[in-house]
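Participant: Using the UniProt record's numbering, the first residue of the sequence shown is number 1, and each one after it goes up by one.
No residue lacks a Cβ here, since even glycine has one placed at the ideal position from N, Cα and C.
It should be emphasised that the depicted structure is a prediction, and the values quoted were computed from it without experimental measurement.
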Amino acid sequence: MLHHGQVSAPTQTRPDVDTSPEGTDTTSDDTPKMFHYVKKNKIAESAIMGSMVVALCGEVFPVTKAAKPGSPVCPDCKKIYERMKG
């Protein structure tokens, strides 16, 4: 149960990096096949303004959906993120 002011996050908290959808490679039902790591401060801006974001792997796309738990993550982004936090 959520308390007032508490937000349910769709992804785990990561230092300055979060996942967001890869908007160009979608399935027939418009669900992104893969999610990428993107700097958190760029996600809201893209979602509101429609601006493009650059994922850790270099993929460029607008944020359209939030990743759900268990969503597939780009293996390149994942490798780069693991190196960043290590």
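1. Who are M52's beta bridge partners in DSSP?
2. Can you tell me whether K33 is helix, strand or coil according to DSSP?
3. Please report how far the alpha carbon of F35 lies from the alpha carbon of A44, in whole angstroms.
4. Do you know offhand how far T13's Cα is from G50's?
5. What are the residues that DSSP puts in a beta bridge with K85?
6. Please confirm whether K33 and P72 have their CB atoms less than 8 Å apart.
7. Within 10 Å of its beta-carbon, does E59 have 16 or more other beta-carbons around it, so buried, or fewer, so exposed?
Facilitator: Walking through what the data contain:
1. P62
2. In the structure shown, K33 sits in coil (DSSP, three-state: anything other than H, G, I, E or B).
3. 16 Å
4. Residue confidence is low: T13 scores 42 on pLDDT, short of 50, so the model does not pin down where it sits. Its coordinate-derived value is still stated next. Cα to Cα, the separation comes out at about 23 Å.
5. The partner list for K85 (beta bridge, DSSP) is empty, contrary to what the question assumes.
6. yes
7. E59 should be labelled buried.
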